[in-house]
Amino acid sequence: MALLSSLSLSKHLLMLVLLMEENEVHCKNSQPCDLSSHDYMSLTSLNLHGSLSFNETLRASKDFGGFRVRKPGAVVEPGSVQDIVDVIKVGLSSVSGLTVAARGNGHCTNGQAQAHRGVVLEMRGIKGIEVSLSRDNPYVEAGAGELWIDVLKATLKLGFAPVSWTDYLSLSIGGTLSQAGISGQAFRHGPQISTVLQMEIVTGKGEVITCSHTEEEDLFYGALGGLGQFGIITKARIAIQPAPQRTRWIRAIYEEFEEFKGDQEMLISMPSSSHHVFDYIEGFVACIGDDPIDGWDTIPPNTMITHHTYDHHHAAWNSSSSSTVRYCLELAINYNTADSTHDIDKKMKAMVGSLRFSGGVVYSVDVSYLDFLSRVSYSEARARAIGTWDAPHPWLNILVPVSRIADFDRTIFKETVRLGVGGPILVYPLNSNK
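Residue numbers (full-length UniProt numbering): 1 to 434.
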């Protein structure tokens, strides 16, 4: 088992980074002077279905991370796959080393989709969602510029959905498949890249290739999670299954990391045939306090109005522990409207009965499956309201083996909280065989 930790540092630490990068950010050259005359002429000669701009480059020079700003020489919004091919071929013919980068919805955090003085392909125009409900192999095929939230809504209309998600759904298909796509379902189904059946890719030579597990498989496996280094994903075929209608969303608090980690490890190790397997397992680190960025006031979130008390031997809220660090285990049970709430209560009680959370209190709420998967959009609205959504996000994802995660907690989690470095610290338990 590995635990994927996602760390966020505060904007205060970012000031030094911004000052050091100032010379790079404030490029004195104006467009189109950032391009060689050869590259400029090659781009302007293209007969694009989409658009080309040398001036409207601000959006493409930034990303969600907010601390790397690299101004491209040009931005192309392709209206077709052929547009992407043509731009790639301009890059191939360039004598100045023109770089080309694909950008989805701009949620990279370290400039991965930027192309300083190169060409950024804004992939939003590569659209299209088609659902096939074949008996043996149902799938959804989506253009790389589509957002996961729109794919979810399109498939739910037919009672189906993909099985592996990210926490935040306003991300592009091409973007997450070029990374991995990890959330609380990954322990069971693998990351999003594990659910892809087929892709269409434009290679670095400008070739359009369809690849799968059995066709052009080297390209297929290279491009999945390949950070765009093996080609630009333009379309993906993703496996879907009948979708649940409702979700019991559950949170429990732990004082001790070993108990939190041990329960996560135990839960993801259960065979899929077990009746006690949750559909979603995740967690996060929180600091007791009033600062909303530390996450304590979200346990439970405002929507979690139901709580269940079980016979555990100590209370988290009357703890003698001097530590302000707590660990929240987040779980979900999916079900359908035909299932009675009483049956779900019984199932939940049986499933959490062996867990070692503090205080004997579990918070839960029943929501629609769509609302559960869209949960971060509500946090987004809250963050926008208090002004933190547009702050720098120097986020980092790290795969940590279970043999080292206790050391990681002691030296990183607790120290990060002690130093007052705010922001979410997420802990995803993963099975390495997925």
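Backbone N, C-alpha and C fix where the C-beta goes; we use that ideal spot for every residue, glycine too.
(Q) Taking the beta carbon of H26 as the centre, do at least 16 other beta carbons fall within 10 Å, making it buried, or is it exposed? (A) Bear in mind that a pLDDT of 36 at H26, under 50, signals an unreliable position, so the number given afterwards is only what the model happens to contain. Under this definition H26 is an exposed residue.
Q) Is T234 helix, strand or coil by DSSP? A) In the structure shown, T234 sits in a strand (DSSP, three-state: E or B).
Q) Is DSSP giving E200 helix, strand or coil here? A) Correct three-state label for E200: strand.
Q) Mind checking P162: buried by the 16 CB within 10 Å criterion, or exposed? A) buried
Q. Alpha helix (DSSP H) containing T341: first to last residue?
A. 341-352
**Q.** The alpha helix (DSSP H) enclosing W148, as first and last residue numbers
**A.** 148-156
Q | Buried versus exposed call for Y378 [16 or more other C-beta atoms within 10 Å across all chains shown] | A | exposed
Q.
Does L331 come out as helix, strand or coil in the three-state DSSP assignment?
A. DSSP, read as helix, strand or coil, puts L331 in strand.
Q) Is it true that the CB of F284 sits closer than 8 Å to the CB of P424? A) It is a contact, given that the beta carbons lie within the stated cut-off.
Q) Where does L267 land, buried or exposed, given buried means 16+ other C-beta within 10 angstroms? A) buried
Q.
Using 8 Å for Cβ pairs, my map puts I238 next to A142. What's the rounded Cβ distance?
A. At roughly 7 Å, the Cβ-Cβ gap stays under 8 Å, so I238 and A142 are in contact.
**Q.** D86 versus I193: straight-line alpha-carbon distance, rounded
**A.** 27 Å
Q) Is the distance from the Cβ of R117 to the Cβ of G73 below 8 Å? A) Less than 8 Å separates the beta-carbon of R117 from that of G73.
Q.
Taking its Cβ as the centre, do 16 or more other Cβ atoms sit within 10 Å of H189, making it buried, or is it exposed?
A. buried
Q | Ordered list of beta strand (DSSP E) runs contained in the region 96-121, each at least 3 residues | A | 100-103
Q.
Suppose the cutoff is 6 Å on Cβ atoms and the five residues either side in sequence are ignored; what does the same chain contact list for residue 435 look like?
A. The requested residue 435 is not part of the displayed model; the chain covers only 1 to 434.
Q.
Bridge partners for E282 per DSSP, in chain order?
A. E330
Q. Hey, quick one: how far does the beta strand (DSSP E) through S53 stretch, first residue to last?
A. 51-53
Q. From which residue to which residue does the alpha helix (DSSP H) around S379 run?
A. 375-386
(Q) With H, G and I counted as helix, E and B as strand and the rest as coil, what does DSSP make of G125? (A) helix
Q | Same chain, Cβ closer than 8 Å to I240, five either side skipped, listed in chain order | A | V131, P138, Y139, V140, T155, F160, A161, P162, V163
**Q.** Contacting residues, own chain, Cβ-Cβ under 6 Å from A315 (five flanking each side not counted)
**A.** Any reading at A315 must be qualified, since the residue scores a pLDDT of 42, below 50, and its modelled position is unreliable; no value is offered.
Q: Work out the CA separation of M270 and residue 445 for me, nearest whole Å.
A: Here the chain comprises residues numbered 1 to 434, so residue 445 is not present and cannot be evaluated.
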